[in-house]
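Protein chains: 2
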Amino acid sequence: MAYRETPRMRARKAATRQRIVDATLQLVAEGGFGNASVARVAERAEVAIGSVYRHFESKSELFAEVFRNATEIEVNKVAETLNGEGPASERLTAALRVFAQRAIRGPTMAWALIAEPVDPQVDEERLRYRQAYAELFEKNLTRGIKTGVFAPQNTRLSSAAIVGAIAESLVGPLSPAAEGLDGDAAQQLTEDIAHFCLRAVRPIEGEGS
Amino acid sequence: MAYRETPRMRARKAATRQRIVDATLQLVAEGGFGNASVARVAERAEVAIGSVYRHFESKSELFAEVFRNATEIEVNKVAETLNGEGPASERLTAALRVFAQRAIRGPTMAWALIAEPVDPQVDEERLRYRQAYAELFEKNLTRGIKTGVFAPQNTRLSSAAIVGAIAESLVGPLSPAAEGLDGDAAQQLTEDIAHFCLRAVRPIEGEGS
DNA sequence: CCAAAAAGTGAATAGTGATTCACTTCTACT
DNA sequence: AGTAGAAGTGAATCACTATTCACTTTTTGG
């Protein structure tokens, strides 16, 4: 026998894999998943087409991993904000702002994550992605209800509805067809989304717990 | 010369076209647009593949027409309800119920119209479809604000957010992956969606105009 | 009945892009 | 230096469907 896996090789392999993921991520950020054919990914990563398949079972699997990567960052930002200081209602507002502002900054990526038609395996990841947000919001709602800053409600439904409300409000402006928003319009949109969601969960005035 | 277009032939041609549309509609209702290949449509409509192309420029155009057909019915039902008797808030509740209940009854079709990845031409129609709902809701909001049953707000944004909230709340339960809802769960879901949206637009208690 | 024109047919073609695989190059160990 | 085994290669293949088009059938008015 002769060849044995060695740390150096392991590192090299991991690096190549990462280059493929990064190349895909770039291409998606530039033009969505539709922009990331295997041939293009290979070219950008400076590997042969076949090499992509040494590292990933299939294109779907590559996409799923890329989706997870991109998504994790976003979800974490929102989670951080939701877990920050202050009353639940203020945290929610701040989180909605973070979500919207980040989406508006990187509209192509946001659109790819939120709405681009891709394939079933990515759709599954997308479901999880939205689910992840919904769970974060749900926790926030539950706490807010306890402290009385939100009205009692079906938190499961409300959190899904919040995710939908944000997504739908953004999809129009984010879609590749639309021209971008200027700073003011982005600001206004962000605030209006936050207000809508806050109104939907706030308690009825004049009724204490 | 000899052949001239005659009422009889015109009718026949229209009937064939309609059979193609109906066949497509059926296939979409059964399994979404992905289930409706040209070959299958032709088979179901009992025409040759080529005949489909005598009536439609392309598959996309056929799909766009089918989408419009299916959509029109739904939008009209909601419009009727919104324009019914009673205060704007009650009409909105009723319309949200109609939307949700109909979607739950025909989940595959609803999913195809709301969320299924298809092609750019259908996506365009889908944009219009959501837009149509948004406009209906927007009119209702505007009236409700005038009569004081809703709080003053950015009606454009709120109507989009309502559409998103309904869609997102339903997409999970409607997706082909999910198993259907029983009657009670459907009822509950419907009510919770309506409540969420109503809370989002209602005025702050104790503040008159 | 006949010729002109349209409607109807479906096997063959074409476009796209993912996936394979026989082959080459590189690495690690004796 | 030799070699086992892995990593890397990319032209060729495959898979899937939409679309075409040469041909057949039907309809109609003379």
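Residue numbers (my numbering), protein chains in the order written: chain A, 985 to 1193; chain B, 985 to 1193.
All C-beta atoms in this analysis are idealised placements derived from N, C-alpha and C, irrespective of residue type, glycine included.
Bear in mind that the values here come from a model prediction, so they are computed numbers and not experimental data.
When DSSP assignments are scanned along the segment 1101 to 1175 of chain A, the uninterrupted stretches of alpha helix (DSSP H) that are 4 or more residues long and fall wholly within it turn out to be 1104 to 1130, 1139 to 1158. For Pro991/A, no chain B residue has a C-beta closer than 7 angstroms to its own C-beta; the minimum C-beta separation is roughly 42 angstroms.
Taking 9 angstroms as the CB threshold, Glu1058/B stays off the interface with chain A. Contact of Arg1186/B with chain A is assigned, a C-beta pair being separated by under 9 angstroms. Between Pro1187/A and Phe1040/B, the alpha-carbon positions lie close to 54 angstroms from each other. Assignment of Val1062/A by DSSP, reduced to helix, strand and coil, places it in the helix class. Residue state for Thr990/A is assigned as coil, using DSSP reduced to three classes. Annotated three-state conformation of Ile1004/B is helix, per DSSP. In chain order, Val1012, Gly1016, Phe1017 place their CB closer than 7 angstroms to the CB of Ala1096/A, counting only its own chain and leaving out the 5 sequence neighbours on each side. For Leu1141/A, a Cβ of chain B is located within less than 9 angstroms of the residue's own Cβ. Counting only Cβ-Cβ distances below 7 angstroms, Ser1153/B has contacts in chain A at Leu1141, Ala1144, Ala1145, Gly1148, in chain order. The alpha-carbon separation between Ala1099/B and Thr1055/B amounts to approximately 13 angstroms. Burial is judged here by how many other beta carbons sit within 10 angstroms of a residue's own beta carbon; Asn1053/B has fewer than 16 and is exposed. The residue from Val1005/A, Val1106/A, Asn1060/A, Ala1116/A with its alpha-carbon nearest to that of Val1036/A is Val1005/A.
Here the C-alpha atom of Phe1180/B lies approximately 29 angstroms from the C-alpha atom of Met1093/A. The beta carbon of Phe1051/B sits closer than 6 angstroms to those of Val1106, Glu1109, all from its chain and outside the five residues before and after it, given in chain order.
Spatial neighbours of Arg1081/A in its own chain (CB-CB distance under 7 angstroms, excluding positions within 5 residues in sequence) are listed in chain order as Thr1174, Ala1178. The Cβ atoms of Arg1140/A and Glu1152/A lie no closer than 9 angstroms to each other. With respect to Leu1076/A, Asn1124/A sits close: the two C-beta atoms are nearer than 9 angstroms. Taking CB atoms only, Asp1176/A has a neighbour in chain B less than 9 angstroms away. The residue from Ser1044/B, Ala1169/B, Glu1119/B with its alpha-carbon nearest to that of Ser1021/B is Ser1044/B. Using a Cβ-Cβ distance cut-off of 8 angstroms, the segment 1163 to 1173 of chain B and the segment 1162 to 1171 of chain A are not in contact, since fewer than three pairs of beta carbons, one from each stretch, lie closer than that value. In the assembly as shown, Glu1163/A is an exposed residue. Its beta-carbon has fewer than 16 other beta-carbons within 10 Å.
Within the same chain, and ignoring the five residues on either side of Tyr1117/A in sequence, the residues whose Cβ sits closer than 6 angstroms to its Cβ are Val1147. With respect to Phe1083/A, Val1062/A sits close: the two C-beta atoms are nearer than 9 angstroms. Listed along the chain, the chain A residues whose CB falls inside 9 angstroms of the CB of Arg1110/B amount to none; the nearest CB is some 10 angstroms away. When 8 angstroms is used as the limit between beta carbons, Gly1156/A is near these residues of chain B: Leu1111, Ala1144, in chain order. If you ignore the 5 residues before and after Arg1003/B, its C-beta comes within less than 6 angstroms of the C-beta of Ala1029, all in its own chain and listed in chain order.
Collapsing the DSSP output to three states places Pro1187/B in coil.
Within chain B, the residues whose beta carbon sits less than 8 angstroms from that of Arg1183/A are Ala1135, Gln1137, Arg1183, Ala1184, Val1185, Arg1186, listed in sequence order.
In this chain, Gly1018/B is not harboured by any alpha helix (DSSP H), its DSSP state being neither H nor E.
Closest in alpha carbon position to Arg1112/B, among Asn1019/A, Gly1156/A, Arg992/A, is Gly1156/A. Look at Gly1034/B here: in three-state DSSP terms it is helix. Between Leu1046/A and chain B, the shortest Cβ-Cβ separation is not below 9 angstroms. At a cut-off of 9 angstroms between beta carbons, Val1102/B contacts chain A.
For the pair Glu1027/B and Pro991/B, the Cα-to-Cα distance works out to about 27 angstroms.
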